[in-house]
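Visitor: Quick one: this structure, given as structure tokens, is what I'll be asking you about.
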Amino acid sequence: MRILSPPITLYAVPESTYCARVRLVLELKSVDYTEERPPGGTYQSEDYRRLVAAGSVPAIEINGTILHDSDAIVELLEDLFPEPAMRCADPFERAFLKSVTRFHDTRLEPVLRSLFPLVGNPEKKHRAALVVDAMNGHLERLDRLINPQPYLGGEALSLADCAYATTLFMMEDLTSCMNLEVKCSEKIHHWRNALHHTDTVREIVDQNRSAIAKWITSKLSPA
731 MRILSPPITL
741 YAVPESTYCA
751 RVRLVLELKS
761 VDYTEERPPG
771 GTYQSEDYRR
781 LVAAGSVPAI
791 EINGTILHDS
801 DAIVELLEDL
811 FPEPAMRCAD
821 PFERAFLKSV
831 TRFHDTRLEP
841 VLRSLFPLVG
851 NPEKKHRAAL
861 VVDAMNGHLE
871 RLDRLINPQP
881 YLGGEALSLA
891 DCAYATTLFM
901 MEDLTSCMNL
911 EVKCSEKIHH
921 WRNALHHTDT
931 VREIVDQNRS
941 AIAKWITSKL
951 SPA
């Protein structure tokens, strides 16, 4: 059953893993919301920047209040809609999962994002290979950092899981189209499979993968 709430608008684009994170938390909490693309068609438009001063996606509007940054948004959603709980009650466990989320946002996702301008540029294959090497290094460290059972917080999905859900698939989709290989450990594969086995997560992940596939096709197709 959907939760009745103040009017909520999510400004998002389908290719963004950060937008998918917020969308996933909204869906897992069954919160009623409307999703719109940024006014002007892109988050770089002046129309959008007049609305969201940071000029980034995702952004969310609740009762006329605008908030940007996916991490801040999902924390607010957890405060406003605490069921199902997606933060650990124990403060040390909660802080640890926050650190795992920050590992995604400050290490793994930025190196993944740096692959985007290299797709469809065969002359930059060497540069792409170096990026993937760095990505694999982060994945090695992530493997040592986490112990999913089956999720990062145990048996219940957490905000930290939502941070990684689409990224774990996007890495594979982007590298494979460039004939490069992302190296995930067996532990990370099991965790990724557990995430995708959850209906809501699978729906959001598959939507994101479809958008990324279309974007890749546009970059690889002759002009």
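Count along the sequence shown from 1, then add 730; that gives the number in my numbering. For each residue, glycine too, the CB sits at the ideal point set by N, CA and C.
Less than 8 Å between the C-beta atoms of Thr831 and Leu754, yes or no?
Guide: Taking the sequence shown and counting its residues from 1, one reaches residue 831 at position 101. Taking the sequence shown and counting its residues from 1, one reaches residue 754 at position 24. No, the pair does not count as a contact, with Cβ atoms beyond the cut-off.
Visitor: Output yes or no for whether 8 Å exceeds the beta carbon distance between Leu848 and Arg857.
Guide: Sequence index remark: in the sequence shown, residue 848 carries index 118 (1-based). Sequence index remark: in the sequence shown, residue 857 carries index 127 (1-based). Cβ atoms of Leu848 and Arg857: closer than 8 Å.
Visitor: Got a sec, what are the start and stop residues for the alpha helix (DSSP H) Tyr894 sits in?
Guide: Walking along the sequence shown from the start, residue 894 turns up at place 164. 889-894 is the span of the alpha helix (DSSP H), which, as asked, contains Tyr894.
Visitor: Spatial neighbours of Thr897 within its chain, please: CB distance less than 7 Å, with the 5 preceding and 5 following residues excluded, ordered by chain position.
Guide: What you label residue 897 is simply residue 167 of the sequence shown in a count that begins at 1. Cβ neighbours of Thr897 beyond the five flanking positions: Thr747, His834, Leu838, Glu839, Leu842.
Visitor: DSSP puts Leu789 in a beta bridge; with which residues?
Guide: Translated into the one-based positions of the sequence shown, residue 789 becomes position 59. According to the sequence displayed, residue 789 carries Ala and not Leu. According to DSSP, Ala789 bridges with Tyr741, His798.
Visitor: Using the Cα positions of Ser800 and Ala750, report the straight-line distance between them to the nearest angstrom.
Guide: For the purposes of this step, residue 800 is taken as the residue at position 70 of the sequence shown. For the purposes of this step, residue 750 is taken as the residue at position 20 of the sequence shown. If I take the Cα positions, the gap works out to 9 Å.
Visitor: Spatial neighbours of Trp945 within its chain, please: CB distance less than 6 Å, with the 5 preceding and 5 following residues excluded, ordered by chain position.
Guide: As a position in the sequence shown, residue 945 is number 215, starting the count at 1. So the list reads Glu745, once near-sequence residues are dropped.
Visitor: What is the residue span of the beta strand (DSSP E) that Glu765 lies within?
Guide: Along the sequence shown, read from residue 1 onward, the residue named residue 765 stands at position 35. It spans 764-766 - the beta strand (DSSP E) in which Glu765 sits, taken as one unbroken run.
Visitor: Use the C-beta contact count for Pro768: other C-beta atoms within 10 angstroms, 16 or more gives buried, fewer gives exposed.
Guide: For the purposes of this step, residue 768 is taken as the residue at position 38 of the sequence shown. Classification for Pro768: buried.
Visitor: Any idea what DSSP makes of Tyr881, helix, strand or coil?
Guide: Position 151 of the sequence shown, counting from 1, holds the residue named residue 881. Tyr881 falls in the strand class under three-state DSSP.
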